[in-house]
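Quick mapping for you: the protein sequence lines, in order, are chains A and B. Numbering of the first sequence is given in the working numbering, commencing with residue 580 and proceeding in unit increments. Numbering of the second sequence is given in the working numbering, commencing with residue 196 and proceeding in unit increments. Quick reminder that beta carbons are idealized off the backbone N, C-alpha and C, glycines included.
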Amino acid sequence: MKVIRLAGFIGLAVFRNATRSALRTGLTAFGVLIGAMLLVLLLGFTTGLEHVARDELLGQLNLRTIRVFGLGNANLVDKDVAALSSLPGVESVFHEIRGPAIFELQGGLIPFTLLGLDRPIDQPTFGTTLADAGGTPNAAVIPSTLAKFLTESHVPADAVGVRFKIRPQHIGLSGATPTLVNDDPVELLVVGVRIVDDPTVQVPDASDLYLNLPLARSLETPNALGDRPYSTVLVVANDATDAVRLTNDLIAKGYAAVSLKKNIDEVEKTFAAIRVVLAVFAGIALFVGSIGIANTMFVTVLERTREIGVLQSLGAARGVIRALVLGEAAFIGLVGGGMGLLVALVAGRVGAPFVREQMGSGGARLPAGDLFIVPLDLGLGVLALIAVVSIAAAVLPGERAARMEPAVALRHE
Amino acid sequence: MVAAVAGVSLQLERGRFVALMGPSGSGKTTLLQLFGGIMRPDRGHLVVANTNLAVSTPARLTAFRRHYVGFVFQAFNLLPRLRVSENVELPLRLQGLADSVCRARAHAALEQVGLIGRAKHLPSELSGGEQQRVAIARAVVHDPHLLLADEPTGNLDSANGRVVCDLIAQLNRNGLTVILSTHNPEVAARADERVVLRDGARCS
């Protein structure tokens with residue numbers, strides 16, 4: 580209790596002393612502000628970019644999924660898929676047949692990618708999924724960029740229920756890629772429409788036209804061995820840990836495999852390393868600010884030598900004298916750090932669209948999402964670091980003050 | 196090494212009022228600082244309020260000052276950023292007493308010196324005489340055994356000097372042991388005993 584009461588007195592004295600030389604305190608705090616602002620801006624943008632990258636990856640598939648593209652130089656065929664299905668840790672397997680194609684549609688040529696699949700897809704904006712279409716063999720979920728051409732109203736929603744014919748065409752694929760070659764027109768029934776032309780929404784596989792797998796297979800020409808290979812096989816592991824293990828095992832066996840969990844782990848490691856490097860650079864600025872605090876406290880202790888002597892004559896212990904100096908340093912640091920954090924939060928918010936524009940120039944489009952994120956623990960962590968650095972900067976002047984001889988201090992002019 | 200004080204022998208009963216006199220450099224301040232535990236003697240025997248100051252550690256001397264001694268300085272030495280009431284509360288705050296106790300006792304001490312109406316002012320807003328009265332209030336607020344005053348009227352005009360002197364004499368009449376240093380014979384005349392120092396040694 581006594582310590583708490585003393586702390587209260589020290590707090591009051593620290594505040595009064597720090598505000599006594601407002602200009603000096605303000606200039607010293609400004610040095611800390613610069614360091615804090617840089618630290619928060621750099622870490623905030625790094626965190627934001629990491630979240631955007633992570634969300635982009637997560638938006639495609641979940642963490643239990645492994646994409647397997649082939650075995651050696653060949654695509655996967657049914658016997659390969661059977662082997663994958665029997666691996667320990669595998670919950671289920673889905674198949675995809677993908678191929679670029681150009682469609683003749685109402686006298687024009689529109690490029691799309693046909694994607695035959697048997698896995699669940701997200702509910703389209705209008706209509707239903709392939710699975711919910713009641714097993715209609717020629718059901719298709721089409722992108723809104725195609726749907727606009729199917730109705731006179733050019734409203735994507737009106738395309739649901741429309742039947743249309745396509746003529747998939749071979750566009751010079753290599754032997755390693757499944758081919759979709761069919762001279763006969765194929766009639767499809769639109770059961771669902773996906774909105775893909777909203778620039779603020781990132782849609783995976785935006786130009787894909789989804790078909791049921793059997794239909795896509797029927798359009799596929801068998802290879803030399805009579806197999807109809809798959810473009811990709813999606814292996815769903817029992818859990819995310821199994822996904823990483825399975826991915827490593829498959830790669831060791833010669834499969835071309837990628838798991839999002841592994842990708843995300845790599846992304847997180849990379850961003851963690853980037854954060855450390857950036858934090859070091861920003862930390863240098865903070866260190867310079869702390870030198871300002873050390874200098875200010877040395878001058879302050881010198882100026883207040885007689886006051887220190889008076890406090891000693893009144894019975895202030897060395898710890899109290901020390902606490903007054905360290906407390907004032909922490910106060911200056913936290914004022915500068917707090918202001919730096921606020922400035923960084925505003926600058927980050929205001930600057931994020933500009934950063935997005937700059938990073939997106941040259942044709943690349945950044946996924947949607949906040950580019951500047953400062954989690955609460957980051958903000959509090961920065962303030963805590965500043966408090967520690969400020970106090971550390973004041974250790975020497977604090978010790979000088981605490982160990983003054985009272986008789987000598989009282990004689991100081 | 197210069198001996199600021201040497202061969203001074205003094206025995207004092209509780210409640211006495213002693214004036215130290217002598218020219219500048221005679222050792223008056225040094226002697227007061229020795230009695231108050233601000234300095235330690237290099238040789239000799241010094242017991243104040245049952246505390247052997249000659250062998251005490253710095254921490255023990257600090258605690259001794261906190262509880263047993265009140266200082267009044269020639270230059271007042273109030274802390275400029277604390278209000279009058281906060282300056283007077285200081286010795287009690289350093290003892291870790293509760294807020295209510297500190298405020299109540301400071302109030303009483305300021306009433307005793309007649310400055311309760313200036314409690315919220317800063318020292319810079321007070322006259323020299325008022326500042327010294329506040330310093331006296333600060334020196335006695337914690338009921339010390341001993342009041343040590345180093346030239347308390349040195350920076351005051353004669354009228355204010357008399358007021359301060361009257362206050363110190365009143366405190367002594369109430370039982371407080373007082374040792375003060377002074378050049379002023381009128382001030383010294385209020386004391387029970389006068390000790391004259393010259394070149395660090397006692398003359399009488």
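Identity of the residue in the options nearest residue i by Cα
i                      : options                       : result
residue 958 of chain A : A:623, A:585 and A:689        : A:623
residue 714 of chain A : A:791, A:834, A:853 and A:602 : A:791
residue 302 of chain B : B:284, B:208 and B:342        : B:284
residue 392 of chain B : B:208, B:212, B:226 and B:207 : B:226
residue 350 of chain B : B:278, B:341 and B:379        : B:379
residue 990 of chain A : B:217, B:204 and B:234        : B:234
residue 875 of chain A : A:733, A:608, A:930 and A:671 : A:608
residue 737 of chain A : A:825, A:663, A:727 and A:992 : A:727
residue 343 of chain B : B:363, B:326 and B:352        : B:363
residue 261 of chain B : B:323, B:341 and B:216        : B:341
residue 705 of chain A : A:677, A:739 and A:666        : A:739
residue 634 of chain A : A:987, A:850, A:893 and A:843 : A:843
residue 256 of chain B : A:661, A:891, A:905 and A:662 : A:891
residue 801 of chain A : A:620, A:657, A:724 and A:983 : A:657
residue 857 of chain A : A:977, A:583 and A:620        : A:620
residue 626 of chain A : A:974, A:885, A:979 and A:953 : A:953
residue 394 of chain B : B:204, B:298, B:205 and B:217 : B:217
residue 266 of chain B : B:361, B:386, B:335 and B:305 : B:335
residue 745 of chain A : A:707, A:769 and A:837        : A:769
residue 321 of chain B : B:280, B:390 and B:264        : B:280
residue 924 of chain A : A:878, A:605, A:616 and A:766 : A:616
residue 263 of chain B : B:231, B:385 and B:361        : B:231
residue 988 of chain A : A:933, A:956 and A:886        : A:886
Rounded Cβ spacing between residue i and residue j (contact assumed at less than 8 Å)
i                      : j                      : result
residue 720 of chain A : residue 699 of chain A : Contact doesn't hold; Cβ gap of about 12 Å is too wide.
residue 613 of chain A : residue 902 of chain A : In fact, because the Cβ distance is near 27 Å, the residues do not count as touching under 8 Å.
residue 815 of chain A : residue 841 of chain A : With a Cβ gap of about 15 Å, residue 815 of chain A and residue 841 of chain A do not count as contacting.
residue 333 of chain B : residue 310 of chain B : Not really, about 11 Å apart at Cβ, beyond 8 Å.
residue 691 of chain A : residue 788 of chain A : 5 Å
residue 951 of chain A : residue 927 of chain A : 4 Å
residue 835 of chain A : residue 649 of chain A : 5 Å
residue 870 of chain A : residue 972 of chain A : 7 Å
residue 602 of chain A : residue 861 of chain A : Actually they are not in contact, since the Cβ atoms of residue 602 of chain A and residue 861 of chain A sit about 26 Å apart, beyond 8 Å.
residue 259 of chain B : residue 345 of chain B : In fact, because the Cβ distance is near 18 Å, the residues do not count as touching under 8 Å.
residue 670 of chain A : residue 817 of chain A : 5 Å
residue 772 of chain A : residue 732 of chain A : No, residue 772 of chain A and residue 732 of chain A are not in contact; Cβ-Cβ is about 13 Å, not under 8 Å.
residue 795 of chain A : residue 693 of chain A : 6 Å
Limits of the beta strand (DSSP E) - the one that residue i falls within
i                      : result
residue 985 of chain A : No beta strand (DSSP E) holds residue 985 of chain A; the alpha helix (DSSP H) holding it covers 985–990.
residue 719 of chain A : 718–722
residue 271 of chain B : Careful: residue 271 of chain B lies outside any beta strand (DSSP E) and carries neither H nor E.
residue 743 of chain A : 742–745
residue 265 of chain B : 264–267
residue 952 of chain A : Unbroken run through residue 952 of chain A: none, as it is neither H nor E.
residue 791 of chain A : 787–791
residue 388 of chain B : 388–393
residue 819 of chain A : Taken as a continuous stretch (DSSP letters only), residue 819 of chain A belongs to no beta strand (DSSP E), being part of the alpha helix (DSSP H) at 819–831.
residue 771 of chain A : 765–773
residue 376 of chain B : 372–376
residue 311 of chain B : Neither: residue 311 of chain B is in no beta strand (DSSP E) and is coded neither H nor E.
residue 739 of chain A : Looking at the DSSP string, residue 739 of chain A is not in any beta strand (DSSP E), and its letter there is neither H nor E.
residue 224 of chain B : Not the beta strand (DSSP E): residue 224 of chain B falls in the alpha helix (DSSP H), residues 223–230.
residue 215 of chain B : 212–216
residue 342 of chain B : 341–345
residue 651 of chain A : Residue 651 of chain A -> no beta strand (DSSP E), and no H or E assigned at all.
Residue i - partner residues in DSSP beta bridges
i                      : result
residue 674 of chain A : A:812
residue 627 of chain A : None, per the DSSP bridge assignment.
residue 242 of chain B : B:247
residue 397 of chain B : B:392
residue 694 of chain A : A:677 and A:789
residue 644 of chain A : A:815
residue 836 of chain A : A:647
Extent of the continuous alpha helix (DSSP H) to which residue i belongs
i                      : result
residue 353 of chain B : 353–368
residue 234 of chain B : From DSSP, residue 234 of chain B is part of no alpha helix (DSSP H); its letter is neither H nor E.
residue 871 of chain A : 839–882
residue 596 of chain A : 581–599
residue 659 of chain A : 657–664
residue 288 of chain B : 279–289
C-beta neighbour in chain E for residue i, strict 9 Å
i                      : result
residue 936 of chain A : The chain labelled as chain E is not found among the protein chains of the depicted structure, namely A and B.
Sufficient close CB pairs (3 or more, under 8 Å) joining the region 619–634 of chain A to the region 304–323 of chain B: no
Validate contact between the region 896–913 of chain A and the region 206–214 of chain B using beta carbons, cut 8 Å, 3 pairs: no
The region 587–607 of chain A in contact with the region 905–919 of chain A per 3-pair CB rule at 8 Å: yes
Touching by the beta-carbon criterion (3+ pairs, under 8 Å), the region 795–808 of chain A and the region 648–668 of chain A: yes
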